[in-house]
Amino acid sequence: MLALVRPDSWNLPLFLHVLGASLTFGATATVALLGFAGLRGDPERALWLRRLTFWVGFVLLVPAFILMRGTALWILDKEYPGGHHEPGWVGVGFFVTEPGALLVLVMVILAWLSRSPNSRGAVAVPWLASILLAGLAIAWFAMSAKPGS
Amino acid sequence: MSLYQWLLFFHVTGAFFLIGGIVIAGILNLAAIVKNRPPSEVAALFGLIRFAVPLIGLGLLLTLAIGLWLVHEVGYGYGQTWIVVAIVLWVLAGALGNVDGRYQRQTGELARRLAAAGDAPSPELWARLRNPRALAISYGSGLMAFAVLGLMIWKPGV
Chain V
721 MLALVRPDSW NLPLFLHVLG ASLTFGATAT VALLGFAGLR GDPERALWLR RLTFWVGFVL
781 LVPAFILMRG TALWILDKEY PGGHHEPGWV GVGFFVTEPG ALLVLVMVIL AWLSRSPNSR
841 GAVAVPWLAS ILLAGLAIAW FAMSAKPGS
Chain E
551 MSLYQWLLFF HVTGAFFLIG GIVIAGILNL AAIVKNRPPS EVAALFGLIR FAVPLIGLGL
611 LLTLAIGLWL VHEVGYGYGQ TWIVVAIVLW VLAGALGNVD GRYQRQTGEL ARRLAAAGDA
671 PSPELWARLR NPRALAISYG SGLMAFAVLG LMIWKPGV
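If you read the protein sequences in the order shown, they are chains V and E. Reminder that position 49 of the first sequence reads as 769 in the working numbering, one-by-one numbering, no gaps. Reminder that position 37 of the second sequence reads as 587 in the working numbering, one-by-one numbering, no gaps.
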């Protein structure tokens, strides 16, 4: 019932965190869609879709992920100053976003390399995006239901 | 886990589906209009937008149904200003989204026809893609969903 007693000063970081998470989810799903679409069809069309995949990843996914992660630390600092008595569901967020950040980085680099017709990395991009989507779903379960609290 | 925790999870899941779907459609729509793309590229992008539609529909359903259940479960009043404003915005966003969806479907069909007929640039397609009224409806609908998200967090008047 935290939402019912939340101090007003937590609202802005929480709003930005949820906004960042929603944008991350939408941008990751778009990278997956464009990435899978870029694996078939004629080579010229596939290359155009891969270029678009890179731009969506670089221009939208990376900033959205940073917004989500940065505001998570902001609100965590307000809710559990000094990191004391953090419940288990908070750890799930770190468990997902720390490897998630690495996944985003690898995904964007592979998407950038996939702009060349000879690159084989294009196959991995949509699958990595799908793995990130699964991780995000686990995190939003932990963040919203707060199991164990 | 309590009923409240499950309801909150499904309500937030609905919000993620709704806003995530809006973001997918928004990105692909923006990608279609930023450059003077050939009709086949526009058709390909609009073809991908169809994957966002069930996500938006499920999101609309979950946010409203579970949201109303949560109001009852937590003990808020259905007449509280932030809840009434959120429902009005939800209805408006849904109605505008529906109008936009029909317009986008017709634009996608036009792009597919033009692509099949030689893929030459078309002023008609370009005008539809950049129609200011259609863009205002499309992005207005999305912004309303973001406004509902803000209301859910700030809960003014509580």
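Built from N, CA and C at the ideal position, the CB exists for glycine as well. Bear in mind the structure is a predicted one, so any value in this text is a computation, not a measurement.
Item, Value
"Let me check understanding here. Comparing Cα to Cα, which of I572/E, P589/E and A645/E lies closest to L675/E?", "P589/E"
"Is there a C-beta anywhere in chain V that falls below 8 angstroms from the one on F601/E?", "yes"
"Verify whether the separation of the beta carbon atoms of V824/V and L796/V is less than 8 angstroms.", "no"
"Rounded to the nearest angstrom, what separates M694/E and L639/E at their Cα positions?", "6 angstroms"
"Would A842/V and S850/V be called neighbours here (beta carbons separated by less than 8 angstroms)?", "no"
"Below 8 angstroms on the Cβ atoms is my guess for L595/E versus L578/E; work out the distance and round it to an integer in Å.", "5 angstroms"
"From the beta carbon of T750/V, is the nearest beta carbon of chain E less than 8 angstroms away?", "yes"
"Which residues of chain E have a Cβ atom closer than 8 angstroms to the Cβ of F745/V, listed in chain order?", "F566, I569, G570 and V573"
"Which value, in whole angstroms, describes the spacing of the CA atoms of V878/V and R765/V?", "Beyond the ends of chain V as shown, which are 721 and 869, falls residue 878/V; an answer cannot be given."
"With 16 as the cutoff for other CB atoms within 10 Å, does P846/V come out buried or exposed?", "buried"
"As an exercise, report each continuous alpha helix (DSSP H) stretch of at least 4 residues that is fully enclosed by the stretch 573 to 600 of chain E, in chain order.", "589 to 599"
"Flag this pair as yes or no: are the beta carbons of T750/V and L856/V separated by less than 8 angstroms?", "no"
"Any Cβ of chain E within less than 8 angstroms of the Cβ of S864/V?", "yes"
"Work out the CA separation of P807/V and I687/E for me, nearest whole Å.", "43 angstroms"
"Quick one: any contact between the stretch 597 to 616 of chain E and the stretch 564 to 575 of chain E, if contact means 3 or more CB pairs under 8 angstroms?", "yes"
"Does M721/V get closer than 8 angstroms to chain E when you measure Cβ to Cβ?", "Only weak support is given to the placement of M721/V: the predicted model assigns it a pLDDT of 43, under 50, and the value that follows is read from those uncertain coordinates. Closer than 8 angstroms to some Cβ of chain E, the Cβ of M721/V qualifies, so yes."
"With a threshold of 8 angstroms between beta carbons, is Q654/E in contact with chain V?", "no"
"For the alpha helix (DSSP H) that V824/V lies in, which residues bound it at each end?", "G808 to L833"
"Taking only beta-carbon positions, decide if F729/V is within less than 8 angstroms of chain E.", "Note that residue 729/V corresponds to Ser in the displayed sequence, not to Phe. No - not a single Cβ of chain E is within 8 angstroms of the one on S729/V."
"When we look at the beta-carbon of M721/V and count the other beta-carbons within 10 Å, is it buried (16 or more) or exposed?", "Residue placement at M721/V is flagged as unreliable, the pLDDT there being 43, under the threshold of 50; the coordinate-derived value follows with that caveat. Classification for M721/V: exposed."
"Does the distance from the CB of W775/V to the CB of E591/E come in under 8 angstroms?", "no"
"Given that a residue counts as buried once 16 or more other Cβ atoms are within 10 Å of its Cβ, and exposed if not, what is D762/V?", "exposed"
"Distance, Cα to Cα, A575/E vs V810/V?", "31 angstroms"
"From the DSSP output, in three-state form, read off K798/V for me.", "helix"
"Give me the subset of the stretch 764 to 779 of chain V whose CB atoms are less than 9 angstroms from a CB atom of chain E, sorted by chain position.", "R765, W768, L769, L772, W775 and V776"
"Going by DSSP in three states, Y628/E sits in which element: helix, strand or coil?", "coil"
"Taking C-beta to C-beta, are A581/E and A661/E nearer than 8 angstroms?", "no"
"Enumerate in chain order the residues of its own chain whose CB-to-CB distance from R726/V is below 8 angstroms, with the five nearest sequence positions on each side excluded.", "L734"
"Does F559/E come out as helix, strand or coil in the three-state DSSP assignment?", "helix"
"I want to verify the contact list: residues of chain V whose CB lies under 8 angstroms from the CB of L660/E, in sequence order.", "Chain V residues near L660/E: none, gap ~19 angstroms exceeds 8 angstroms."
"Taking all protein chains shown into account, decide if K798/V is buried (16 or more other Cβ within 10 angstroms of its Cβ) or exposed.", "exposed"
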